[in-house]
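Student: Per numbering that gives the first Met the number 0, the very first residue in the sequence shown carries number 0; after that it's consecutive. C-beta: ideal position from N, C-alpha, C; glycine also. Nothing here was measured: the structure is a model prediction, and the numbers come from that model.
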Amino acid sequence: MTKSIGQILKQEHFTQKDIVQLLKSSKEDEKILFTKSSEIKLKYIGKYVYFRGLIEFSNLCKKDCLYCGIRAGNQNVNRYDIANEQILKAAKFAYDNKYGSLVLQSGERSDKIFVDRISELLKEIKSLSNNELGITISLGEQSEETYQKWFDCGAHRYLLRIESSNKELYQKIHPNNKDHSFEKRMSCLKNLQKIGYQTGTGVMIGLPFQTYEDLANDLLFMKEFDIDMVGMGPFIEHSETPLYQYKDQLMNLNDRFRLTLRMIAVLRIMMKDINIASATALQAIDPLGREKALRIGANIIMPNITPTAERANYLLYQNKPCIDEGADDCTNCMEARINMADGEIGYRQWGDSLHFGKRQ
Ligand code: 5AD
Ligand code: FES
0 MTKSIGQILK QEHFTQKDIV QLLKSSKEDE KILFTKSSEI KLKYIGKYVY FRGLIEFSNL
60 CKKDCLYCGI RAGNQNVNRY DIANEQILKA AKFAYDNKYG SLVLQSGERS DKIFVDRISE
120 LLKEIKSLSN NELGITISLG EQSEETYQKW FDCGAHRYLL RIESSNKELY QKIHPNNKDH
180 SFEKRMSCLK NLQKIGYQTG TGVMIGLPFQ TYEDLANDLL FMKEFDIDMV GMGPFIEHSE
240 TPLYQYKDQL MNLNDRFRLT LRMIAVLRIM MKDINIASAT ALQAIDPLGR EKALRIGANI
300 IMPNITPTAE RANYLLYQNK PCIDEGADDC TNCMEARINM ADGEIGYRQW GDSLHFGKRQ
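(1) Of all residues in the structure, which have a C-beta closer than 5 Å to any heavy atom of the ligand FES, taken in chain order?
(2) Whose C-alpha, out of M270, S36 and G72, is nearest the C-alpha of S352?
(3) Where does P174 sit, in a helix, a strand or coil, going by DSSP?
(4) So, using beta-carbon positions, are S128 and A90 closer together than 9 Å?
(5) In three-state DSSP terms, what is T279?
(6) Going by the CB atoms, is the gap between G205 and M250 shorter than 9 Å?
(7) In three-state DSSP terms, what is R184?
(8) Is any heavy atom in the ligand 5AD found nearer than 8 Å to the beta carbon of M270?
(9) Assign C64 to buried or exposed, taking buried as 16 or more other Cβ atoms, counted over all protein chains shown, within 10 Å of its Cβ.
(10) What does the Cβ neighbour count give for P302, buried or exposed, with the cut at 16 atoms within 10 Å?
(11) Below 8 Å, is the gap between the Cβ of A311 and the nearest heavy atom of the ligand 5AD?
(12) Thinking C-alpha only, which one of M262, P233, R261 and I273 is nearest M203?
(13) Quick check on Y391: does DSSP put it in helix, strand or coil?
(14) Using a 10 Å radius around the Cβ and a threshold of 16 neighbouring Cβ atoms, would you call N83 buried or exposed?
(15) Do you know offhand how far I7's Cα is from I322's?
(16) Spatial neighbours of K222 within its chain, please: CB distance less than 7 Å, with the 5 preceding and 5 following residues excluded, ordered by chain position.
(17) With a CB to CB cut of under 6 Å and the five nearest residues on each side skipped, what residues in its chain are close to Y47?
(18) Measuring straight from C-alpha to C-alpha, what distance separates K357 and N77?
(19) Going along the chain, which residues of its own chain have a beta-carbon closer than 7 Å to the beta-carbon of F256, five neighbours each way excluded?
(20) Around the C-beta of T198, are 16 or more other C-beta atoms found within 10 angstroms, so that it is buried, or is it exposed?
(21) With the cut-off set at 9 Å, would you say I304 and Y98 are in Cβ contact?
(22) Quick one: grab the DSSP three-state call for V202.
(23) Report all residues from its chain with a CB closer than 7 Å to the CB of G201; omit the five preceding and five following residues, and keep chain order.
(24) Sort out for me which residues DSSP pairs E324 with in a bridge.
(25) Cutting at 8 Å between CB atoms, please list the residues of its own chain near L132, excluding the five before and the five after it.
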């Protein structure tokens, strides 16, 4: 016998079957789900929304993920690598504008020059902000030694999406080679956690071949792994990638959008005190997508502060929003958006994952 949504929401733990049911909710049930997840957010997290100024400093990437617009095999990308001075200028902008934290993100590289350069940048960002700016990095799979080095230089959070916790699906959407295995991704996540990073992961929603059961397992994986932060967003097909061939088999964009909101709501109920980012990809589908996610459970937003000239070249997916605005415009626009979603901005605060604090 199927349970009612009321029965499921009263439970302490959800099974895979419960989660699938929640993800497939009717319109009426969805309202009940969202009411519950926003109540939980307000109770455990409050209404503060934290900014992480996002600097996408380079689109050079050695990997070849089958979904990603900046994959090494895409010859149509204008490759760029922003000079250190520009990156530091963006960091200073974030600091002067009372952002609590930064995210440094780029395509994946692991040569020594790159590793040392990041170490230097981390130290300089710490110093220009009197140690006040929190720094999240999102620089892909690296050796344990490199992760440790960057941690020692001042990074304290790391984002590495598992993309899908289903190993077979993971293998279908990544090139099948030694350098890009599911096991390697898992061991990177474990190393990050062991070193002491606040560890963030996430998945794409609406991938070809992905089932509701896969998505339910993704949420159970995050809980089991005891993750501190999550960023998950809809998959958006990019015409210059191999996965584009499946475009006619995908769920429509609006359904991917709704499903992402449901994933966020269910996760908020399952993991009450983690940080959940409102993914930029939501806004590529619905102009108010990120605000909707904040209302129902997310508490982190990543305004793009990458120097404008290069934004249009960091297209992991098409129709990416905010590629013409300057960093100033992004901040003002964010403020208005967050007020609209009844949130308040946590200026000058790191906004660490409460969950991480309790794990220590
Ligand atoms: N659609 C949605 N998200 C994507 N990402 C990469 N390509 C796409 C796409 N086509 C996400 C991946 C990656 C993050 C930086 O961006 O999940 O981890
Ligand atoms: Fe660069 Fe996936 S294509 S990490």
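Tutor: Here's the rundown:
(1) Chain-ordered, the residues whose CB falls short of 5 Å from any heavy atom of the ligand FES come out as C60, K62, C64, C67, R70, G106 and E107.
(2) If we check each option's Cα against that of S352, M270 comes out closest.
(3) Of the three classes helix, strand and coil, the one that applies to P174 here is coil, per DSSP.
(4) Yes, Cβ-Cβ distance for S128 and A90 is below 9 Å.
(5) Helix, per DSSP.
(6) Their beta carbons are under 9 Å apart, which means M250 touches G205 by this criterion.
(7) In the three-state scheme derived from DSSP, where H, G and I count as helix and E and B as strand, R184 is classed as helix.
(8) Incorrect: M270 has no Cβ contact closer than 8 Å to the ligand 5AD.
(9) Around the beta-carbon of C64, 16 or more other beta-carbon atoms lie within 10 Å, marking it buried.
(10) Here P302 is buried: its Cβ has 16 or more other Cβ atoms, across all protein chains shown, within 10 Å.
(11) No.
(12) Closest by C-alpha distance to M203, out of M262, P233, R261 and I273, is P233.
(13) Outside the modelled stretch of the chain, which goes from 0 to 359, sits residue 391, for which no answer is possible.
(14) By the neighbour-count criterion, in which 16 or more other beta carbons inside 10 Å mark a residue as buried, N83 falls on the exposed side.
(15) I322 has its alpha-carbon roughly 41 Å from the corresponding atom of I7.
(16) These residues qualify, in order along the chain: M269 and M270.
(17) Around Y47: E343 and G345.
(18) Using only the alpha carbons, I get a separation of about 44 Å.
(19) Around F256: P233, L281, I284, D285 and G288.
(20) Buried.
(21) Closer than 9 Å, so yes.
(22) Note: V202 maps to strand in three-state DSSP.
(23) Answer for G201: R160, V229, G230 and M231, listed in chain order.
(24) Paired residues: none, contrary to the question.
(25) Leaving aside the five residues that flank L132 on each side, the residues in its chain whose CB is nearer than 8 Å to its CB run, in chain order, A90, A93, Y94, Y98, G99, S100, L101, I124 and K125.
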